[in-house]
Structure formats: C-alpha cells, structure tokens
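These notes concern the structure reproduced below.
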Amino acid sequence: MAKYRKLGRTSDQRKALIRSQVTALLNNGKIVTTEARAKEVRKVAEGLIALAVKEKDNFEEVTVKAKVAQKTADGKRVKEVVDGKKKTVYDEVEKTIKKDMPSRLHARRQMLKVLYPVKEAAENGAKKQAKEVDLVAKLFDEIAPKYTDRNGGYTRIVKIGQRKGDGALEVLLELV
9 MAKYRKLGRT SDQRKALIRS QVTALLNNGK IVTTEARAKE VRKVAEGLIA
59 LAVKEKDNFE EVTVKAKVAQ KTADGKRVKE VVDGKKKTVY DEVEKTIKKD
109 MPSRLHARRQ MLKVLYPVKE AAENGAKKQA KEVDLVAKLF DEIAPKYTDR
159 NGGYTRIVKI GQRKGDGALE VLLELV
C-alpha cells in the first residue's frame with residue numbers, strides 16, 4: 009500500500025497543492041475540498057499543530073533596549089539639524105520580546121517550510137495596505153493553546169456531497 013495519495017499530479021504540483029490547502033486551513037479554520045485531498049491535507053496540518061502544541065511554551069522573555077524614531081502628531085519623523093545635516097531624533101525604549109529556545113526555533117523553521125506567506129486584505133480593498141499574517145505565530149499563540157489537553161485529532165472531515173461537475177465527493181475539512 010502506498011504511503012500517500014498521488015492525487016493525479018506530479019510531485020511538485022502535489023506538494024504545492026497540499027501546502028496551499030494547509031495554509032488556507034490554518035488561516036481560515038476550514039476549507040472545502042475533495043475527500044482524497046482532505047485526507048492528505050489532514051496529515052500535514054495535524055503534524056504542524058502537534059508540533060505547535062509541543063513547543064508552545066518553550067520560550068523566554070527578554071528585555072531589550074531599542075531605538076525608536078520620535079514622531080509628530082501626523083506620523084512623520086522628527087528631524088533636527090546637526091552640523092548642517094538633517095538627522096532623525098531617536099528615543100531609547102525597553103521592550104520585552106519572546107526569545108525562542110532552540111527546539112522551538114527549529115519547529116518554527118519546519119513550519120515555515122510548509123506554510124506559504126499570507127496577506128490579509130485591507131477593509132477598502134487596497135493591495136498596498138494588505139498586511140502580512142504571521143501564520144507560525146498564529147499557530148503558537150492561538151491554535152496550540154486550544155489543543156493542549158487533546159492528544160491528536162485536531163481536524164474534522166464532514167462529508168458534503170458530490171460535486172456537480174465530475175461527481176467527486178466533496179468534504180468540509182475544519183479545525184475542531
């Protein structure tokens with residue numbers, strides 16, 4: 009018996025399809041696809057969620073000093089003239105950041121190998137104002153805490169019915 013379904017595609021197309029559907033599932037919480045694809049996507053998605061659950065608390069908080077540019081009321085940087093040149097004025101601020109331990113950093117990089125970058129559209133639909141969504145941070149901060157007391161089974165497949173065009177069985181794949 010084969011280890012995975014070929015889905016009627018070449019290996020690079022199949023990997024891209026699975027990556028895109030896993031990314032969509034984790035970003036939106038549910039996707040509609042065929043049963044065969046859902047079963048393949050489920051394997052990858054549950055592996056990523058299990059990795060996030062295992063490493064979710066494996067970090068330390070560190071206080072760091074950073075220089076931040078002073079800004080005016082309208083959001084522009086404050087400049088002052090020094091030796092005939094305009095220079096930006098900076099304030100020194102202390103911030104606390106999460107510093108990943110080595111195993112969590114490795115897990116983060118493993119997730120980034122699978123997940124595609126996602127941009128969230130702005131309210132007015134402008135492409136320039138689209139914000140990049142950090143799916144790995146979402147996995148660690150939002151998805152993993154929901155499943156800490158659960159030993160696997162993070163997704164659910166609900167059968168919808170047959171697709172009109174080719175009769176393929178469509179399913180709803182969602183996070184539990």
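In our numbering, the protein residues as written are 9 to 184.
Every residue gets a Cβ at the ideal spot worked out from N, C-alpha and C, and that includes glycine.
{"query": "Around the Cβ of residue 48, are there at least 16 other Cβ atoms within 10 angstroms (buried) or fewer (exposed)?", "result": "buried"}
{"query": "When DSSP labels each residue in this structure, what does residue 68 get in the three-state scheme?", "result": "strand"}
{"query": "Quick one, are the C-beta atoms of residue 86 and residue 77 less than 9 Å apart?", "result": "yes"}
{"query": "For residue 177, which of helix, strand or coil comes out of DSSP?", "result": "strand"}
{"query": "Measure how close the beta-carbons of residue 53 and residue 33 come, nearest whole angstrom, since I'm counting them as under 8 Å.", "result": "5 Å"}
{"query": "In the structure shown, what three-state DSSP assignment does residue 37 receive?", "result": "coil"}
{"query": "Measuring CB to CB, does residue 138 end up less than 9 Å from residue 146?", "result": "no"}
{"query": "For the beta strand (DSSP E) containing residue 165, name the first residue and the last one.", "result": "163 to 170"}
{"query": "Is the separation between the beta-carbon of residue 163 and that of residue 184 shorter than 9 Å?", "result": "yes"}
{"query": "With H, G and I counted as helix, E and B as strand and the rest as coil, what does DSSP make of residue 49?", "result": "helix"}
{"query": "Relative to the alpha-carbon of residue 63, which residue among 142, 111, 172 has its alpha-carbon at the smallest distance?", "result": "111"}
{"query": "Identify, in the order they occur along the chain, each residue of the same chain with its Cβ nearer than 7 Å to the Cβ of residue 181, setting aside the five sequence neighbours on each side.", "result": "33, 38, 39, 41, 46, 49, 50, 163, 165"}
{"query": "How about residue 115 and residue 60: are their beta carbons less than 9 Å apart?", "result": "yes"}
{"query": "Determine the burial state of residue 144: buried for a count of at least 16 other Cβ atoms within 10 Å of its Cβ, exposed for fewer.", "result": "buried"}
{"query": "Check residue 96 in the structure and name its three-state DSSP category.", "result": "strand"}
{"query": "Which two residues bound the contiguous alpha helix (DSSP H) that contains residue 146?", "result": "143 to 146"}
{"query": "Taking all protein chains shown into account, do 16 or more other C-beta atoms lie within 10 angstroms of the C-beta of residue 151, making it buried, or fewer, making it exposed?", "result": "buried"}
{"query": "Residues in its own chain within less than 8 Å of residue 130 by CB, not counting five upstream and five downstream?", "result": "137, 138, 139"}
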